[in-house]
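In our numbering, each residue carries its 1-based index in the sequence shown increased by 96.
Every residue, glycine too, gets a C-beta built ideally from N, C-alpha and C.
Values in this document were obtained by computation on a predicted structure and should not be read as measured data.
Here the structure comes first, spelled out in structure tokens, and everything after it is commentary.
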Amino acid sequence: MAQTNGTNRLTAVEKLRELLADPGKTIGCPGVYDGYTARIALQEGVDCLYMTGAGTTMSRLGMADMGIATMNDMRDNAAMIAGIDPDVPLIADADTGYGGAIMIGRTVTQYIQSGVAGLHLEDQVVNKRCGHLKGKQLVSLEEYISRFKAAVMAREAARGDIILIARTDSLQSFGYDEALMRLKAAVEVGADVAFLEGVETREQAERFCEEMAPTPCLFNSVPGGVSPDFSVQEAKDIGYKIVIFPVLAVEVVYPAVRAAVRQLKEKGKTDPVEKDGKRWSPKELFEVCGLKQLMEFDVKAGGKGYVDGV
């Protein structure tokens, strides 16, 4: 157990391992892509956050998820989100690891140092694409396993810990048996969790969780994608331990912002949203991002700027 300021406190990765070990728990992880969406999710008391690679690419670069984001892009975003509340674990997309074995080792080390509790690596080529798009190209089994050997070696050398999640995108191209074999091989060399991307049916999902047992399995919930739209409870009944919702924030922000911009163009102003017909003040929005805590910190440190509030 980690020691912090003389008191026993679990680190984020220890908390995630504890959640995975709880036989009655399936973790539902809202997908967030920046500090604001992370703060909103944290305000609701979630057990774990998921940093979406697609959302990170779209929000930081304004581009589609086509393997464009670099390790630096992803690490910097993950470090910021993980640092908002170190008591809440963050699982972050690490795509392909961004290169060969040496680069994958660096990626894992950087994620550990950034406070990320878990990451997933996949078997697409470096110039990857979203897992729910067609035409994905995959590396050989040998190269895929090399990625996890590198990740495990880096984890050991870093003298830290991180949950390593093995993702395969081979189901659509090579079939179920090949996908299962790849994930079992990744677990054999040290991966902690199995992630079969693009599950097609509930029956396939049940078979997968059963055949991977006792390894925890992750389900990727992408409404409108190739997989069924399982709820957390449905995923738990199937046998999954983690459910990520990567487009949760991205999906709801798009129509809301688009509608507001249309109102601005058509009426010259925007209408209030879900607040008894009143506007959200800047102060109320800042409070989502820790305004009160920041002011209290300043006052306790002897600062004078916020003694009388704002």
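Contacts around V339, its chain only, beta-carbon distance under 6 Å, and the 5 residues preceding and following it disregarded: G124, F315, S317, V328, A331
Sub-8 Å separation of L145 and V184 beta-carbons: yes
Whole-number beta carbon distance between D265 and E218, since they are thought to touch under 8 Å: 6 Å
Rounded straight-line distance, which links the Cα of G120 to that of L237: 34 Å
Residues bridged to R251 (per DSSP): None, per the DSSP bridge assignment.
I258 vs Y194 beta-carbon contact at 8 Å: no
Cα-Cα separation between L292 and C305, rounded to whole angstroms: 10 Å
Own chain residues within Cβ distance below 6 Å of P312, not counting five before or after: L116, V289, K337
Inter-stretch contact (C-beta, 8 Å, three-pair minimum) for the region 170-189 and the region 105-116: yes
Through-space distance from V395 to G227, alpha-carbon basis: Interpretation of G227 is limited by its pLDDT of 48, a score under 50 that renders its predicted location unreliable; no figure is taken from the coordinates.
Secondary structure of V322, DSSP reduced to three states: coil
Option in T192, D169, R202, I198 with minimal Cα separation from A262: T192
Under 8 Å between C-beta atoms of V403 and T148: no
Cβ pair count under 8 Å reaching 3, the region 152-171 against the region 127-138: yes
Pair within 8 Å by beta-carbon distance, I177 and A134: yes
Residue(s) in a DSSP beta bridge with Q220: L234
Length of the line joining the Cα atoms of D189 and K374: 38 Å
Residues near L390 by beta carbon distance below 6 Å, same chain, minus five either side: none
Residue(s) in a DSSP beta bridge with C125: I340
Where S210 falls, given that 16 or more other Cβ within 10 Å makes a residue buried: buried
Of the residues L234, D161, A254, the one placed nearest V204, counting alpha carbons only: A254
Cut-off 7 Å between Cβ atoms - residues of its own chain near K400, not counting five sequence neighbours on either side: none
Reduced DSSP category for I261 - H, G, I as helix; E, B as strand; rest coil: strand
Beta-carbon proximity of L260 to A287, cut-off 8 Å: yes
Candidates I241, V369, A160, of which the one nearest G196 by Cα: I241
Cβ-Cβ distance between V406 and K365 below 8 Å: no
V403 in three-state terms, based on DSSP: coil
Straight-line Cα distance separating P324 from A352: 25 Å
For M147, three-class secondary structure by DSSP: strand
Completely contained alpha helix (DSSP H) runs for the region 265-323, where each covers 4 or more residues: 267-270, 272-284, 298-308
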